[in-house]
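Those sequence lines, one after another, are chains A and B. Numbered per the working numbering, the first sequence spans residues 1 to 249. Numbered per the working numbering, the second sequence spans residues 250 to 530. We put the CB at the ideal spot given by N, CA and C, even for glycine.
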Amino acid sequence: MYAVELDNVNVYIEGKHILKNITLRVPYNTIYVIMGPSGSGKTTILRVINRLIELNPNAKIDGSVKVLGYDAFKIDPYDLRKHIGMVFQIPNPFPHMTIYDNVAIAARINRVARKREELDEIVRWALEKAMLWDEVKDRLRSYPHVLSGGQKQRLCLARALAMKPKILLLDEPTANIDPVNARKIEEAISALKEEITIIMVTHSPHQAARVADHVAMIYSGSIIEQGPVSQVFLNPKTDFTAKFLKGEV
Amino acid sequence: MYDQRKIKDKLFFVFVLSVSIIAVTLMLHMIFVTLSNGIPVILRAGLGFFTSIPPTPLSKNIGGIAPALAGSFIMTLTSLPVSISLAFFSAVLTTEFPRNPLSIIIDVVAKSLASIPTIVVSMVIYLIVVVPMGKFSALAGVLALTIISLPYSYTYISTYLRSIPATYREAAYSIAMGRWRTIISVFVPIIRRGLLITVLMTSARILGETAAILFVTGRYRLGVSVSLLDPTDAVPLLIFDYMLTPYKNFQEISWAAASLLLLSYLIIFTTTKFLVKEVKL
């Protein structure tokens, strides 16, 4: 059993073949990193898993996508997303909600907590897991615009965690933030894998080496190599992977 | 090279500043002329200006504009919620389901309606409402005003909705928020200032519209009518009618009514600017 299984998934957007026969299996409670150069289709894989791809009316998908054993495209997308948190490349906390509400809303919608005390507890837990609690505990009623980019991203991580998801999708979560915040996010992610299956997209082989258990190398819409991190990094099977790991492409 | 760029920069700044000063001066002049002609009349008339009916042409008594105030108030209050709700739901439909045939029709109709001369709307409402009812009415005025204001409120709201970055929709959907909850809990609060501006712009449009109600309300000025089914008056109609007469007291009332309209706009817009804060993205 795998947390996520993709079999021969193809995605076409406006007739363009974006993902080509993607097959991958993500074991439970691991960090699975999809790496590859920009524009290779990494983000599209994540959007197929939580069906955000359907927001694009021009996208056509075929193949099999199983999430937690269920056919992702046969269940209600909202039920599916209850189990899958996501952090996007650009931090997107809700600007009209306070820091507290940004986290609490995810718990409220998914009925993780109903009473005020339960909510307070889950907000604190999520902010602590995202390594943000100490920095915001005295300004939970402030709005996210007072936070730095890295803090906003960790707030988004806390929001995703407050749903108590079984799977967490991370779309280059450190791409637009400073190294200190990036390190905190990586630490948070590494600590979370005991409870959550994490699928992360990155264009940085160094980051993949630091956090991944398994990696998949994607190039031009196709997965050209995948396996345990040590195997891929020490004995890359393709020239492209070898060059990518050396930072040559 | 550097100096040339600096000179161009300064010239552009002076040009922009001059054009802005011209625009502001014209606007301030209009406000000054209207208020300086109207406020003294209101002060002379006192409270009676708001509670009395208009005087006879040669009367020394200034009288008031109570029938027009009541008519404008009732028609605006009835038309505004209808216009805003229809515009809101239409805008939601066309932004959420842009490929739906109904959305395409709504968009085309709204754009067409915005360019129809308002006096034509008045003629159409006269034919389809006033003639069958056998009398002028505030209801006919409400219908005409709603038709006139709907394309404006729709355009405002749909523009605000479309301006919301897609990333907030993705964030909402990613925490399993449904479509309607996303609209109510995320989109509406983000554009709250825009929505309020829409309400104000629409009410300003309704309050100030003259041609659309020219043939339908009946300009009833002998008393205050509060019934939607009876003839009524409106402030802009009274301004239009009285300004064209040769009587001094009617012209004074016209200036006073125009000042009142202008003041109400200024108060509403200034209050909004300070009270409703924009959401910082």
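Nearest neighbour of residue 481(B) by Cα position, chosen from 316(B), 285(B), 258(B), turns out to be 316(B). Listed along chain B is no residue with a C-beta nearer than 7 Å to that of residue 32(A); the closest approach is about 18 Å. Beta-bridge analysis with DSSP links residue 25(A) to 5(A). Legend: CB atoms of the stretch 168-188 of chain A lying less than 9 Å from CB atoms of chain B belong to residues 169. In this structure, residue 496(B) sits near residue 306(B), with a CB-CB distance shorter than 7 Å. Excluding its 5 nearest sequence neighbours in each direction, residue 25(A) has C-beta neighbours in its own chain below 6 Å: 2, 5, listed in chain order. The shortest CA-to-CA distance from residue 76(A) to any of 386(B), 257(B), 426(B) is the one to 426(B). Excluding its 5 nearest sequence neighbours in each direction, residue 395(B) has C-beta neighbours in its own chain below 6 Å: 328, 331, 332, listed in chain order. Using a Cβ distance threshold of 7 Å, residue 92(A) and residue 431(B) do not count as a contacting pair. By the neighbour-count criterion, in which 16 or more other beta carbons inside 10 Å mark a residue as buried, residue 429(B) falls on the exposed side. At the C-beta level, residue 221(A) and residue 18(A) come within 7 Å of one another. With fewer than 16 other CB atoms across the displayed protein chains lying within 10 angstroms of its CB, residue 117(A) is exposed.
Residue state for residue 486(B) is assigned as helix, using DSSP reduced to three classes.
Take residue 437(B), set aside five residues on each side of it, and the residues of its chain with a beta-carbon closer than 8 Å to its own are 444, in chain order. Between residue 529(B) and chain A, the shortest Cβ-Cβ separation is below 7 Å. Counting only runs that start and end inside the stretch 429-514 of chain B, the alpha helix (DSSP H) elements of at least 4 residues fall at 441-457, 484-492. Each residue's CA atom was taken as its position, placing residue 55(A) and residue 362(B) some 31 Å apart. Membership of residue 225(A) in the beta strand (DSSP E) is indicated by the continuous run 222-228.
Just measuring C-alpha positions, the residue of 513(B), 518(B), 512(B), 505(B) sitting nearest residue 293(B) is 505(B). Using beta-carbon distances, residue 372(B) does not count as an interface residue toward chain A, since no partner is under 7 Å. Measuring C-alpha to C-alpha distances from residue 209(A) to each of 237(A), 193(A), 239(A), 245(A) identifies 245(A) as the nearest.
DSSP, read as helix, strand or coil, puts residue 216(A) in strand. With fewer than 16 other CB atoms across the displayed protein chains lying within 10 angstroms of its CB, residue 348(B) is exposed. Against chain B, a Cβ distance below 7 Å from residue 90(A) picks out 416.
Residue 384(B) carries a coil assignment under DSSP once its states are collapsed to helix, strand and coil. At a cut-off of 7 Å, the C-beta of residue 95(A) has a neighbouring C-beta in chain B.
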